[in-house]
Amino acid sequence: KGDFPKSVEALETAIGLINVPADSTQIALQIELGTTYRNFGDMAKSETILLKAIASAEGNQELLLLKAIDRLSALMIELGDFSDSETYLLENLQRKDSLFRDTPLLKLETYNNLSILYYRLNDMESAEKYIARGLDENQDIRTVKPKLLNNLGTIYMREGKFEEAEKYFIESAEAFQEIYGSINPDYATSLSNLAGIYKIRGELNRALDTYSKVLDMDRAIYGTNHPTYATSLSNVGLLYMQFGSMGMAERLLKQAKQIRLKTLGGYHPLYIKTVNDLAIYHLIQEDTVAAMDAFDHALDAEIHHMHDIFPVLTDKQRKLYFNETRSNIERYCALAFQPSYVHTEYAVHAVNHFINTKGMLFYASEKMRRIILSSGDEAIIKTYNTWREEKYLLAQAYLLTQEERERQGLDIGEMETYCIDLEKELAQTFHVFLEEERSAYHTWKEISEVLPDSTAMIDIIQFRNYHAKIVDQELDQGFEDQAHYVAFVIKKDSVIEAVTWDKEIDFEKGLKLYNNAIKFGVKDKLTHRIFWGPIQEHVKDVNRVYLSPDGIYHKLNPAILYDNQQQKYVADEIDITNITSGKDLIYTEDKKLIKEARIVGNPDFSNVQTEYMQLKQLAGAEEEAKDITKILDVRKWHTESYYFSEATEDQVKAFQNPGVMHIATHGFFKDDPDNIDPLHSSGIFLSKQVGSSNDGILTAYEAMNMQLDQTSLVVLAACETGLGTVENGEGVFGLQRAFLVAGADNVLISLVKINDQAARRFMNLLYEQLRETENPQQAFFNARALYRLEDDNPYNWGAYILVTKG
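Every position in the sequence shown, counted from 1, becomes a number in this note's numbering once 1178 is added.
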């Protein structure tokens, strides 16, 4: 019936009446208690109880053990731990097949869980397969069949097979009604799904009738102050909006919002959804200010929630979660960056949201956990595990109802403060834990406070125009294809200036002109006006810029843009360093350069199997690396060099915190827009060590997990190492990101291919300057200026970009 507190009370009382350890009834009740806690959101307690049931059942209660593993797997699916859940479920199914082949009903829960898992992973074929097995083996069980039919309908609905989905929703609804009557949660769920089909097909009157019926049922089952009732209010309200009954739509959506705020709290995804729905309503009403207020409010909650739950998610889960938020950020930016608002506080709020989410996936990697747990320091490990548990509990607390938080004695503010105190304690011992501090919400004013004199930070933001309107009772909403750009120049003394471009500017055409000029060695007299002209007016009073690029700006080097009117390159006026996010500057550290270098050149490619390119030996790269060794083998520098067969992937992965790491080899980038894990599509080629499991290809994903927290500079002296999959609002998923995640302060990369002699000469100058200045950033700018005196071809002197943490 959905009265979970009463269910918990009854189950706990029953368990308390049993005094026999590992009693089968007690274990069965523990399983149901753990499941009930999961159903109303207390995931931590659910896990504790289910693990206890598993421990009690192991060795003497095989059936209960399998059931408990099924329930734990379902919990793991809810928490997003898909990999381990899949393993447990497939093993459970194998054991059930072996032990209870003639009792198909025992496999049903495992089938259903596997189907839900694959549905979440968008693997509809596998999801359908397991539901079909369950139906095939349990057709005659009247209480089971409608649940499976409803689930199968949701799969078909996701696949766009609306006729099949409708058929199964009708069949399941009729069966639920026959078994349980007209006032039942399962019956209401099937009807609600059916209404969703009608809505998709444009049968709005039919959808409204069905949703209204579900609303009445939910009122009878749950009352008028329950999240499920709020969901039905929202469904009906959105339909009224399509009908054009805007007053009724607003009233119902606001009522749903109030219920969700009261029962779920301000950070729950369902509350955030309602706020976004109201923003769409305001946009349709052409009340842009009200729409921006609502979108802004929703984003504040969303970003706050993300910051708190990211530490308990895997890297893959973070990416999936962030992708859901990315479009909401872009939608708000599309409104805030319109000419009417780009110079208002709405645009400034958008900048703050971007500062806090741009490169968000860059921070907080799995590396943090690995380093701390392998430290051997029991006290620190205990503190870390406590922090993980508290962050986990905090993430779950956001998803509880307000009533349930009060019942459990949970105070969000106190929990947040406790986590922050633990983070500070860990950061004192482990440098890598500072990345967690970076995940706090920061504003552009904090960046302004840390900027030196004559320095600016430029945040480039790509956005697309967005629209929402009702056309023939259909909600027409979405982004335009064409990308637009806005920039914000931040300077000290709380200065922020918006930079806009004419809406007719074709950035893609500009990039083609830029690339052709480089390719054919022609002086580029056109693209400065496109890419830098509007910015130039705002940076005349600075000589140093930290650039946080976005979109197309990741694919070019602004330093080589030529101002034909002044007969100067951008580099003649300003030194530009790329950063991932402006908040990197808040955490700039004055780190002393460790005078240790690991130098790798001209690996032996004879045993490396690759589909990317034909690998030719790089004699020039070896000579380059030998030059660097000679330059640094003075003034108390310690160098280790690895050439040809010694330049193995195993050796590079074994490097730990050298001051400088230089790798001269082939790089690769495979531009595959369908690749769900772009960190595997870029990397460098090394030697394959005989008998090693490593293949001689160091991917960006593998580089990301190296230990380089004390490394001041990584030089990737390979062709096009700066390339990678560009994610709008996130950056380049490639080698540059990987080595920064690994801990390096500065990464030198190339965007173009450059001839051996030019590369060798530039690198000689770079390391001579590094030896003298002991400052990687200053050494880079000095070397470039010196090289330009010998070679004024921007293709050569502008081939490299320095990416830094600040």
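Idealized CB from N, CA, C, for every residue including glycine. Given the structure is predicted, the values throughout are model-derived calculations rather than measurements.
- Judged by DSSP secondary structure, isoleucine 1668 falls outside any alpha helix (DSSP H) and instead within the beta strand (DSSP E) spanning 1662-1669.
- Cβ contact annotation for proline 1727 (same chain, cutoff 7 Å, sequence separation greater than five): Ile1638, Asn1756, in chain order.
- For a cut-off of 8 Å, the C-beta gap from leucine 1430 to arginine 1438 is around 13 Å, too long to register as a contact.
- When secondary structure is reduced to three states using DSSP, glutamine 1935 falls in the helix class.
- Glutamate 1240 has its alpha-carbon roughly 22 Å from the corresponding atom of leucine 1189.
- Annotated as distal: leucine 1267 and glutamine 1651, with beta-carbon spacing of 8 Å or more.
- Annotated three-state conformation of isoleucine 1196 is coil, per DSSP.
- Residue burial annotation: aspartate 1923 is buried, with at least 16 other C-beta atoms found within 10 angstroms of its C-beta.
- DSSP, read as helix, strand or coil, puts alanine 1353 in helix.
- By the neighbour-count definition (other C-beta atoms within 10 Å, threshold 16), histidine 1645 is an exposed residue.
- For leucine 1477, same chain residues with a beta-carbon under 7 Å away, outside a window of 5 residues either side, are Asn1506, Ile1507, Tyr1510, His1531 in chain order.
- In the structure shown, proline 1781 falls within a strand segment according to DSSP collapsed to helix, strand and coil.
- Two segments are said to touch when three or more pairs of C-beta atoms, one from each, lie closer than 8 Å; by this definition the region 1733-1741 does not touch the region 1769-1783.
- The beta carbon of isoleucine 1247 lies closer than 7 Å to those of Ile1232, Tyr1266, Asn1270 in the same chain, with the five residues before and after it left out.
- The beta strand (DSSP E) runs of length 3 or more contained entirely in the region 1916-1984 are, from start to end of the chain, 1924-1928, 1978-1982.
- In the three-state reduction of the DSSP assignment, leucine 1876 falls in the strand class.
- Beta-bridge partners assigned by DSSP to histidine 1840: Ile1777, Val1893.
- Secondary-structure assignment with DSSP links valine 1723 through a beta bridge to Ala1634, Ile1754.
- Counting along the chain, no beta strand (DSSP E) covers tyrosine 1445, and no H or E run does either.
- Using a 10 angstroms sphere on the CB of glutamate 1686, the tally of other CB atoms stays under 16, which defines it as exposed.
- Judged by DSSP secondary structure, phenylalanine 1709 falls within the alpha helix (DSSP H) whose first and last residues are 1705-1709.
- Assigned with DSSP and collapsed to three states, valine 1868 falls in coil, not helix or strand.
- According to the DSSP assignment, threonine 1281 belongs to no alpha helix (DSSP H), since it is labelled neither H nor E.
- Per DSSP, serine 1553 lies in no beta strand (DSSP E) and is assigned neither H nor E.
- The three-state secondary structure of glycine 1212, taken from DSSP, is helix.
- A direct Cα-Cα distance of roughly 15 Å separates asparagine 1883 from valine 1892.
- Comparing alpha carbon positions, the residue from Arg1938, Asp1762, Asp1680 closest to isoleucine 1841 is Arg1938.
- For glutamate 1568, the closest of Leu1913, Asp1555, Leu1600, Glu1584 by C-alpha to C-alpha distance is Leu1600.
- The C-beta distance from isoleucine 1674 to valine 1520 rounds to 12 Å, too long to meet the 8 Å contact threshold.
- 8 Å or more divides the Cβ of alanine 1661 from the Cβ of valine 1677.
- The region 1718-1725 and the region 1684-1698 do not touch, with fewer than three beta-carbon pairs separated by less than 8 Å.
- The C-beta of glutamine 1204 has 16 or more other C-beta atoms within 10 Å across all chains shown, which makes the residue buried.
- Under the DSSP assignment, isoleucine 1862 falls in the beta strand (DSSP E) whose first and last residues are 1860-1863.
- Phenylalanine 1473 sits buried, since 16 or more C-beta atoms from the chains shown fall within 10 Å of its C-beta.
- When only Cα atoms are considered, glutamine 1516 and leucine 1461 end up about 14 Å apart.
- The Cβ neighbour count for phenylalanine 1698, taken over all protein chains shown within 10 Å, is under 16; the residue is labelled exposed.
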